[in-house]
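Protein chains in written order, with our numbering: chain A, 1 to 230; chain E, 1 to 230.
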DNA sequence: AATAGTTTCAAACAGTTGTTTAAACTCGGG
DNA sequence: CCCGAGTTTAAACAACTGTTTGAAACTATT
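Here you go:
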């Protein structure tokens with residue numbers, strides 16, 4: 001049965017094309033050409049384009065977690081080091097050279113969710129998010145509210161996600177040399193982990209900051225003088 | 001001469017459709033239907049779909065900066081307050097209720113640049129980026145290298161950008177109530193500004209560690225400036 | 001070698017795409 | 001009144017879309 005290998009061939013080709021063009025703009029003809037199979041193969045093996053897309057997204061998430069599993073840390077590893085490794089793995093998944101289509105495809109789902117997104121959120125993003133929350137809660141000096149934990153976690157994720165989303169735009173802002181030397185995965189992981197660690201460590205000690213009671217948002221009027229003193 | 005109003009009508013309709021579906025997937029038929037004009041109007045007034053797209057992106061950037069200009073701060077305003085206002089305006093631009101298509105369209109250009117992107121970067125993103133760099137340089141306790149400034153600035157932008165890109169996914173991770181109370185624009189601005197302030201303030205004093213011990217960036221000799229080699 | 005089941009293929013189908021065309025309409029100035 | 005430049009319209013065009021089809025090619029068991 002070569003059928004399995006053909007299916008896999010189509011899936012990876014489809015992953016690349018879907019990641020590049022999105023579901024609607026991607027054509028089954030381009031996918032089949034890239035996979036070196038006949039146009040009818042997609043319908044023969046997957047039923048229709050939509051089903052192929054769903055299986056492609058599932059494969060993307062599966063491959064990414066298999067190749068780069070998030071480590072299970074013993075208690076001996078400091079929360080700070082856990083944060084650093086977490087960020088590093090996340091950046092590797094997002095920016096790692098090979099099989100970039102997998103994260104690009106998932107990025108598309110984040111930005112414009114389709115039917116494939118719900119299971120992606122529950123099976124992939126939420127568990128990862130929960131792990132980050134645990135790290136954050138260990139890092140924060142005083143216990144904080146759940147919402148604050150969420151904000152802190154999103155700040156970590158956001159910094160990483162940015163370099164995936166703006167992958168082609170960031171190089172337009174800085175020199176090629178700088179890109180290579182200071183924005184490679186290792187350097188970025190160091191920066192983001194340190195940045196987040198400093199912020200989280202000092203979080204919740206200065207008093208309630210997010211108070212800034214509901215005051216109107218004309219940029220003219222001074223926005224919420226942050227009342228806490230550094 | 002209704003021609004000007006018709007052109008504007010098509011432009012705003014196109015902006016919305018392009019922001020929703022992207023250039024390729026958006027159809028001129030849907031645009032024209034949304035603008036209540038004949039299908040041929042796009043070609044009559046703009047030549048072709050591509051030209052319409054370019055003018056739409058230009059309009060998006062122009063409208064967004066006109067409605068929400070970045071304030072010019074007198075020296076009396078503290079850098080911390082400048083940072084806060086900067087973040088607040090950025091979030092307002094990105095998440096502000098009305099005319100959301102404008103930022104969604106620019107977001108698409110960031111993630112998958114087309115021909116329209118180069119001018120967008122130079123005319124819109126770079127000036128904004130430079131202003132943020134100035135704030136960051138005021139906030140950092142000791143002078144840091146140019147690359148470090150860039151990293152810090154990107155960390156601020158990334159946190160904001162995330163809530164635009166993941167606009168539909170974040171609500172799947174938290175409750176609706178939490179979304180309304182702790183992830184509205186004002187609350188997010190407070191959090192991100194405080195988060196970034198804490199991180200930047202402690203940047204360049206603690207010393208870096210974290211895993212791969214690059215003995216790299218402490219205030220490097222100033223600016224290994226751009227040399228522009230092709 | 002013959003058969004039955006599976007896989008591949010070129011061709012065709014119906015619908016959509018951007019764009020063109022030529023006729024119809026609008027409306028202020030002669 | 002009609003004119004004619006500017007505008008709008010329905011219809012048509014060729015190219016492309018996902019999908020179907022029926023026969024050919026292939027594989028494996030008898």
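We put the CB at the ideal spot given by N, CA and C, even for glycine.
Since the model is a prediction, treat every value here as computed from it, not as a measurement.
Residue-chain proximity (residue 159/E, chain A), Cβ-Cβ < 7 Å: For the purposes of this step, residue 159/E is taken as the residue at position 159 of the second chain. At least one chain A Cβ lies under 7 Å of residue 159/E.
Residue span of the alpha helix (DSSP H) that contains residue 157/A, given as start and end: Here the question's residue 157/A lines up with position 157 in the first chain. Counting along the chain, the alpha helix (DSSP H) containing residue 157/A begins and ends at 146–165.
CB of residue 63/A within 7 Å of CB of residue 102/A, strictly: Here residue 63/A refers to the residue found at position 63 when the first chain is read from its first residue. Here residue 102/A refers to the residue found at position 102 when the first chain is read from its first residue. Yes, the pair counts as a contact, with Cβ atoms nearer than the cut-off.
Under 9 Å (Cβ pairs) to chain E, residues found in the region 169–182 of chain A: 169, 170, 172, 173, 174, 175, 176, 177, 178, 181 and 182
Where the region 111–129 of chain A meets chain E: residues whose CB sits under 8 Å from a CB there: 111, 112, 113, 117, 118, 121, 125, 126 and 129
Residue 10/A (DSSP reduced to helix, strand or coil): Here residue 10/A refers to the residue found at position 10 of the first chain. Here residue 10/A sits in helix by DSSP.
Per-residue DSSP class, three states only, for residue 63/A: By one-based count along the first chain, residue 63/A stands at place 63. In this structure, residue 63/A counts as helix in the three-state DSSP scheme.
Residue 150/A versus residue 173/E: straight-line alpha-carbon distance, rounded: As a position in the first chain, residue 150/A is number 150, starting the count at 1. As a position in the second chain, residue 173/E is number 173, starting the count at 1. Their backbone Cα atoms lie some 9 Å apart in a straight line.
Inter-stretch contact at 8 Å, needing at least 3 Cβ pairs: the region 43–59 of chain A / the region 162–170 of chain A: With the rule of 3 Cβ pairs closer than 8 Å, the region 43–59 of chain A does not count as touching the region 162–170 of chain A.
Proximity of residue 61/A and residue 120/A at Cβ, strictly below 7 Å: Along the first chain, one-based indexing puts residue 61/A at 61. Along the first chain, one-based indexing puts residue 120/A at 120. Result yes, Cβ atoms of residue 61/A and residue 120/A sit closer than 7 Å.
Any chain E beta carbon closer than 7 Å to residue 66/A: Walking along the first chain from the start, residue 66/A turns up at place 66. Chain E contact via Cβ: absent.
Cβ-based contacts, 9 Å cut-off: residues of the region 29–63 of chain A near chain E: none
Rounded straight-line distance, which links the Cα of residue 7/A to that of residue 194/A: Position 194 of the first chain holds residue 194/A. Position 7 of the first chain holds residue 7/A. Distance between the alpha carbons of residue 194/A and residue 7/A: 43 Å.
7 Å Cβ cutoff, residue 166/E in contact with chain A: On the second chain, residue 166/E is found 166 positions in, with the first residue counted as 1. Output row for residue 166/E: interface = yes.
Top-ranked residue by Cα proximity to residue 192/A, from 154/E, 40/E, 176/E and 182/E: Sequence index remark: in the first chain, residue 192/A carries index 192 (1-based). Considering only alpha carbons, the answer is 154/E.
Three-state class that DSSP yields for residue 203/A in the structure shown: What you label residue 203/A is simply residue 203 of the first chain in a count that begins at 1. Correct three-state label for residue 203/A: coil.
Cα-Cα separation, residue 204/E to residue 141/E: Here residue 204/E refers to the residue found at position 204 of the second chain. Here residue 141/E refers to the residue found at position 141 of the second chain. Straight-line Cα distance between these residues: approximately 7 Å.
Span of the alpha helix (DSSP H), counted from its first residue to its last, around residue 308/A: One cannot answer for residue 308/A here, as it falls past the ends of chain A, which runs 1 to 230.
Residue of 146/E, 183/E, 197/E and 16/E minimising C-alpha distance to residue 91/E: Along the second chain, one-based indexing puts residue 91/E at 91. Considering only alpha carbons, the answer is 183/E.
Cβ distance (whole Å) where residue 83/A is taken to contact residue 139/A below 8 Å: Counted from its first residue, the first chain places residue 83/A at position 83. Counted from its first residue, the first chain places residue 139/A at position 139. The pair is a contact, with the Cβ atoms about 6 Å apart (cut-off 8 Å).
Same chain, Cβ closer than 8 Å to residue 41/A, neighbours up to 5 away in sequence not counted: Translated into positions along the first chain, residue 41/A becomes position 41. Excluding positions up to five away in sequence, the list reads 6, 10, 32 and 35.
Contact list for residue 97/A against chain E, beta-carbon separation under 8 Å: Here residue 97/A refers to the residue found at position 97 when the first chain is read from its first residue. Chain E residues near residue 97/A: none, gap ~18 Å exceeds 8 Å.
Residue 137/E - containing alpha helix (DSSP H), residue span: The residue you call residue 137/E lines up with position 137 of the second chain. Unbroken alpha helix (DSSP H) run through residue 137/E: 126–139.
Sequence-distant residues of its chain with Cβ nearer than 7 Å to residue 201/A (five each side left out): Along the first chain, read from residue 1 onward, the residue named residue 201/A stands at position 201. Correct list, in chain order: 139 and 141.
Exposure of residue 190/A, with buried meaning 16 or more beta-carbon neighbours within 10 Å: To locate residue 190/A, count along the first chain from 1; it is residue 190. Result: buried.
Assigned exposure category for residue 115/A - 16 Cβ within 10 Å defines buried: The residue labelled residue 115/A in the question sits at position 115 within the first chain. With fewer than 16 Cβ atoms within 10 Å of its Cβ, residue 115/A is classed as exposed.
Residue 73/E - DSSP class collapsed to helix/strand/coil: Along the second chain, read from residue 1 onward, the residue named residue 73/E stands at position 73. If DSSP states are grouped into helix, strand and coil, residue 73/E belongs with coil.
is_contact[residue 72/A, chain E] using C-beta, thresh 7 Å: For the purposes of this step, residue 72/A is identified with residue 72 of the first chain, where counting begins at 1. Not an interface residue.
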